[in-house]
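Quick note: our numbering has the sequence shown finishing at residue 1027, numbered continuously throughout.
All C-beta atoms, glycine included, are put in the ideal place defined by N, C-alpha and C.
In this text, all values refer to a predicted model and were calculated from it rather than measured experimentally.
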Amino acid sequence: MDRPDAADANTQIGACIKAARTAEKMTLSALAEKCGLTESFLSKLERGVASASIANLLQICAALNIEIGSLFDGLGVAPARTRVSIHRRSDDFAFIPSTGYSWKRVGGGSPKDEMEVFHLVLPETDRMEAYVSHPGQEHCFVISGEVLFEVGEESFHLSTGDSIFIDSQQPHRARSAGGADAQILMTVAAADISRVEFDWWRPSSAALQERPHSSSNGRTS
807 MDRPDAADAN TQIGACIKAA RTAEKMTLSA LAEKCGLTES FLSKLERGVA
857 SASIANLLQI CAALNIEIGS LFDGLGVAPA RTRVSIHRRS DDFAFIPSTG
907 YSWKRVGGGS PKDEMEVFHL VLPETDRMEA YVSHPGQEHC FVISGEVLFE
957 VGEESFHLST GDSIFIDSQQ PHRARSAGGA DAQILMTVAA ADISRVEFDW
1007 WRPSSAALQE RPHSSSNGRT S
C-alpha cells in the first residue's frame, strides 16, 4: 500500500471532523466555543489546509464525543477494544506537522482502549514553547537524540534509551536538547475517561510564566 503523505492525512482528519460535527448538528462557532479553538482554525482544519497537534485533536474529539482513533480509521464502526493492531512503515500515515513537533499515531484509538501511543519527532529548531497538561499518566521513551523534558519546575535531560513516566496533570513539555532532531515514543493513558473534560492538552497557564529551574542530579538548570 502506498504511504499517505501529511496532506492526505490532514484531508482525512478534516473530513472526519466535519462529518462528526455535522452528525451532531453543531456549527463551527459552537465547536470552537466548546473546544477552545478559533472558528477560523477549525474551518481550515476541516478543509485539510491546516495541521493539528495531538493537543488540538484531543480537545476537538472531547467536544464531539468521539475517539481520536476515528480520525485515522474513518467514522465507521470500530471495535470496542483493540485486540491486535500492526503498524508498518509502508502503510502508516506520514508524520503530521504541528508547532514544536511532528507526530503520528501508532497504537490505540478504539473506544475502550485505555491508552494511545504516538511517535513524535522533536526538531532541533522551532521547539515546543507551550506547556500542556491533561488527566492521566504519560510515558516517553527516547528513540534517538537528546531531549529536555520539563515537568512543573523541574527539568530532566534524557539521552537515547532513557525514558520518563509522569502524572500528566502537571504542566510539561519536551524539546530537542542536542544538535539534531530527537525522536520519542509517547504513551498516554487517561486516569478516568468519564471525568475527562474539554481541556485535554490545552496549554497550561504556566506557559505564560517564567519558571525557576531546579538543579540536582539528573536535572538541568
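As assigned by DSSP and simplified to three states, the class of residue i
i, result
"Gln975", "coil"
"Ala995", "strand"
"Glu922", "strand"
Residue range of the alpha helix (DSSP H) that includes residue i
i, result
"Ala838", "834-841"
"Glu852", "845-852"
Member of the options whose CA lies at the smallest distance from the CA of residue i
i, options, result
"Gly842", "Cys946, Glu920, Ile892, Leu870", "Leu870"
"Val912", "Ile874, Asn862, Ala856", "Ile874"
"Ile819", "Ala836, Phe878, Ala826", "Phe878"
"Gln989", "Gln976, Pro929, Ile972, Glu852", "Pro929"
"Arg894", "Lys910, Ser974, Ala886", "Lys910"
"Leu864", "Arg981, Ala813, Val953, Val938", "Val938"
"Ala900", "Val927, Ile892, Thr931, His940", "Val927"
Nearest-angstrom beta carbon gap, residue j and residue i [assumed within contact, 8 Å]
i, j, result
"Thr888", "Ser859", "Not really, about 23 Å apart at Cβ, beyond 8 Å."
Problem - Every unbroken beta strand (DSSP E) inside the segment 925-988 [3 residues or more] - result: Segments of the beta strand (DSSP E) lying fully in the segment 925-988: 943-950, 953-957, 960-964, 969-973, 978-982.
Practice task
Ignoring anything shorter than 3 residues or poking outside the segment 860-918, list the beta strand (DSSP E) runs there in chain order.
Solution key: The beta strand (DSSP E) runs lying completely inside the segment 860-918 and spanning 3 residues or more are 902-904, 907-913, given in chain order.
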